Amino acid sequence: MLAKKAFSADLEHRKVFFMELGLCVALFVSIVAFEWNFKEPEAGISFASGKVAEDVTELIPIVEEPQKVPEVVQPSIVSDEFRIVPNNVSLNNNVDFFDSEPTADPVTVVSISVGTKAVEDVKEDDLPFIVVEDMPTFQNSGIEGFQKYVMKNVVYNEAARDAGTVGTVIVEFVIGKTGKIEDIKILRGVDPVLDNEVVRVLKNAPGWKPGYQRGNPVKVKFTLPVKFALQ
1 MLAKKAFSAD
11 LEHRKVFFME
21 LGLCVALFVS
31 IVAFEWNFKE
41 PEAGISFASG
51 KVAEDVTELI
61 PIVEEPQKVP
71 EVVQPSIVSD
81 EFRIVPNNVS
91 LNNNVDFFDS
101 EPTADPVTVV
111 SISVGTKAVE
121 DVKEDDLPFI
131 VVEDMPTFQN
141 SGIEGFQKYV
151 MKNVVYNEAA
161 RDAGTVGTVI
171 VEFVIGKTGK
181 IEDIKILRGV
191 DPVLDNEVVR
201 VLKNAPGWKP
211 GYQRGNPVKV
221 KFTLPVKFAL
231 Q
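Residue numbers (the UniProt record's numbering): 1 to 231.
What follows is the structure, given as structure tokens:
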């Protein structure tokens, strides 16, 4: 004899009902999901207080200080300037340290302005000239002849020559009012031994015929290059 379930306990006849109920619930959930508003809250809105939070930046005004205009100081004007230079003489104050030709040094006359007149700071008699009407001469020649004399009488120190010491010594000197060589200065040296040798030759050199300006003997400054080279 086969066992059978009671009709009330058998759920097979309710299968269609449960399927329809499930479809209805799924359809309802789908409709609610599509209709729901998922917009994100806007930035700056506080949900707790309902107030809009705003970032406030305090701007500090920039005040530019006015630039001070420097006062222009007018230089004092010297009304009178006196220089003794012949009209037919062209001045060349450039010194080429690598040239074997001698040149003269520039001389600046310093003046002080007092009112409308210029007062010379240095007396004219004590100031060496660069170019004068009658230039000094050495043994019927000029500075070129004196340069040959120096090169002929300078002794190249043996120790400096063996050490390979070469170069050009630049020496400055003044021909005084009596034709004597004065104020010997080494402007650029090579070696103390060679520098002293050049000074020795100049001190022992014969006198010059002095230069003249307006018929009066005056001092004249020269610059002389003395080159030491190995043959």
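Cβ atoms here follow ideal geometry from the backbone N, Cα and C, with glycine treated the same way.
Predicted model only: the values in this text are computed from it and were never measured.
Which residue's Cα is closest to the Cα of residue i: the options?
i, options, result
"R161", "G215, Q231, L27", "Q231"
"F228", "T168, E144, A159", "T168"
"N157", "F34, L187, N196, V171", "N196"
"P192", "F173, A205, V220, A159", "A159"
"L194", "I143, D126, C24, V226", "V226"
"E144", "T165, I186, L224, V132", "L224"
"V166", "V150, V190, K148, E182", "V190"
"V201", "I181, I170, E182, V150", "V150"
"G142", "V29, G207, D126", "G207"
"D126", "V29, E182, E35", "E182"
In whole angstroms, what separates the C-alpha of residue i from that of residue j?
i, j, result
"F222", "A163", "31 Å"
"F17", "A26", "14 Å"
"L21", "I31", "16 Å"
"G215", "K203", "27 Å"
"V154", "M135", "25 Å"
"E172", "I184", "6 Å"
"F138", "A205", "10 Å"
"L23", "K15", "13 Å"
"R188", "V131", "23 Å"
"K148", "N140", "13 Å"
"I186", "I170", "6 Å"
"F28", "F34", "10 Å"
Should residue i be labelled buried (16 or more other beta-carbon atoms within 10 Å of its own) or exposed?
i, result
"M19", "exposed"
"K152", "exposed"
"V218", "buried"
"F129", "buried"
"F146", "buried"
"V198", "buried"
"V220", "buried"
"S46", "With a pLDDT of only 43 at S46, under the threshold of 50, the placement of this residue in the model should not be trusted, and no figure is reported."
Would you say the beta carbon of residue i is closer than 7 Å to some non-hydrogen atom of the ligand FMN?
i, result
"K180", "Inclusion of the ligand FMN in the displayed structure is not the case, the ligand content being empty and no account of it being possible."
If we define contact as Cβ-Cβ less than 8 Å, is residue i a contact residue for chain B?
i, result
"L194", "Checking the listed chains, one finds no chain B in this structure; it contains a single protein chain."
Give a yes or no on contact between the stretch 172 to 191 and the stretch 203 to 216, applying the rule of three or more CB pairs nearer than 8 Å.
yes
Where in the stretch 144 to 220 do unbroken runs of the beta strand (DSSP E), each at least 3 residues long, occur, reported from the N-terminal end onward?
167 to 175, 181 to 188, 211 to 213, 216 to 218
In the stretch 12 to 38, which residue ranges form an unbroken alpha helix (DSSP H) of at least 4 residues, counting only runs that do not cross its ends?
Listed in chain order, the complete alpha helix (DSSP H) runs (minimum 4 residues) inside the stretch 12 to 38 are 15 to 35.
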